[in-house]
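Asks:
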Amino acid sequence: MSFRIAGKDKSSGARAGVLKTSHGDIMTPVFMPVGTLGTVKGVDFTFLEHDINAQIILGNTYHLFLRPGLHVIENAGGLHKFNSWNKPMLTDSGGYQVFSLADNRKITDEGVTFKSHIDGSSHLFTPENVVDTQRSIGADIMMALDECTPYPCEYDYAKKSMQLTHRWLERGFNHFQKTEPLYGYNQHYFPIVQGSVYDDLRQQSAEFISTFDAAGYAIGGLSVGEPHDMMYKSIETVNAILPMDKPRYLMGVGTPENLLEGIARGVDMFDCVMPTRNGRNGMLFTMDGIINIKNKKWENDFSRIDEKGTSFVDKRYSKAYLRHLIHNNELLGAQIASIHNLAFYLKLMQEARQKIMDNEFSTWKNRVLEKLKKRR
RNA sequence: GGGGAGAUACCAAAGUGGCCAACUGGGGCAGACUGUAAAUCUGCUGGCGUAUGCCUUCGUAGGUUCGAAUCCUGCUCUCCCCA
């Protein structure tokens, strides 16, 4: 894996890059659609590849481990073979489930024991076996096991948790270096910065993980409910320390606004369930603001979903029709909304990249930001 | 023709003397959603610009009672069974 910076915006920390992987090149900044169970919910890979132009998608270690299970994935020859996605994939380690499934897990120094949300069975996830699992899955980029802390989080807890994440990183990284890929192509391991919203902890954490010679670095534990200002400040603190010549991945973020502010602060990679989940729930992102397609005002609006949109669904279907589908819980509604939102996110990233190359990122960002946040 | 059951808010359906402006679903309206336990969750849903307040509501017209959606009587309508 290599990362080359192709352009920098002079008025901000934004940069455009090319991340080379065994499954293809990734133009950054990039948004990575979330495909927890090996599928981006409601979106056929054909559309994902050709209409949305996704360059890389996510998978999730915890969820794939429980179902279909490693045997199935190994028998298939890895997740790429299993789900027929031939471009890069990144898997989260289960660290987010430490946060989202907090009621079903116990943390010890050794690792995290999850009580399966499916059948109640117990499973110990360690920094080492999470590497093994991600080897079985065959992710191009695998994530270190971390503890994603909630917000708010007491300073003392945040500090202890960060130290635990650091100890896990040492073990995980060591295990990563001692093991080999199963399917004949290179895999890479990203450490994760923690430290909640505390500047000194974020700083310490960024410094610590920078000592590991990794292909890229991630910022975790943000967008868990903290005010945006705090999130942006943390990103600034961390990115001032992380190696300049490696990709930085802001985990779980976020809104279109969050992405642009992240890019301005030197983030290269993002992922978030928002375009798909919120799409299924009737929220559409457009260049002219946010639409709640369930609202009555769209009932008789036969204009296209998004006149400025790039996806085929934007031109083909009307707002009234999409409202009708979502109101009736029709599967097609969730699909159209997801495709639209993902196409919008990817297009936004593409445009951001171009503006960085043209050295016009800041003015462009400030211009589109107001419109993006608007409620239509 | 004979016998029986029932009429409650947009729909379905509880309630059978005071705790009922009326359980609960659905529908409707709105909101939330950030490394996906989410095609999920939350709020509101008779009127009165706020309300421990007032007004109008449980087929309809009367009555009993301190008090009725709930008890009594007449009327109207619906459904079921037998002929």
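If you're matching positions, the first sequence starts at 4 in this note's numbering and goes up one per residue.
Even for Gly, the Cβ is constructed at its ideal location relative to N, Cα and C.
(1) Is the beta carbon of residue 349 closer than 7 Å to that of residue 55?
(2) Taking the beta carbon of residue 83 as the centre, do at least 16 other beta carbons fall within 10 Å, making it buried, or is it exposed?
(3) Flag this pair as touching only if the stretch 263-277 and the stretch 14-29 have three or more C-beta atom pairs under 8 Å; answer yes or no.
(4) Should residue 270 go down as buried or exposed, given a rule of 16 or more other Cβ atoms within 10 Å for buried?
(5) CA-CA distance, residue 181 and residue 248?
(6) For the 8 Å Cβ check, are there 3 or more pairs between the stretch 191-211 and the stretch 223-230?
(7) If you compare alpha carbons, which of 341, 374, 314, 332 is closest to residue 293?
(8) Within this structure, are the beta carbons of residue 12 and residue 359 separated by less than 7 Å?
(9) Please look up how many angstroms separate the CB atoms of residue 34 and residue 262, rounded, as I've assumed it's under 8 Å.
(10) Any idea if residue 158 is buried or exposed, counting beta-carbon neighbours within 10 angstroms, 16 or more meaning buried?
(11) Can you tell me the Cβ-Cβ gap for residue 133 and residue 64, rounded? I've got them flagged as a contact below 8 Å.
(12) Over what stretch of residues does the alpha helix (DSSP H) that includes residue 132 continue unbroken?
(13) Taking the continuous alpha helix (DSSP H) assigned at residue 278, which residues delimit it?
(14) Which partner residues does residue 220 have in the DSSP bridge list?
(15) Beta strand (DSSP E) containing residue 116: first to last residue?
(16) My guess is that residue 89 and residue 41 are in contact by the Cβ rule of under 8 Å, so how many angstroms apart are they, rounded?
(17) In whole angstroms, give me the CA-to-CA distance for residue 95 and residue 303.
(18) Just to confirm, are residue 211 and residue 288 a CB contact at a threshold of 7 Å?
Replies: Once the coordinates are examined:
(1) yes
(2) buried
(3) yes
(4) buried
(5) 25 Å
(6) yes
(7) 374
(8) yes
(9) 7 Å
(10) exposed
(11) 6 Å
(12) 130-140
(13) 277-283
(14) 251
(15) 115-118
(16) Between residue 41 and residue 89 the Cβ distance is about 13 Å, and since that is not below 8 Å, they are no contact.
(17) 42 Å
(18) no
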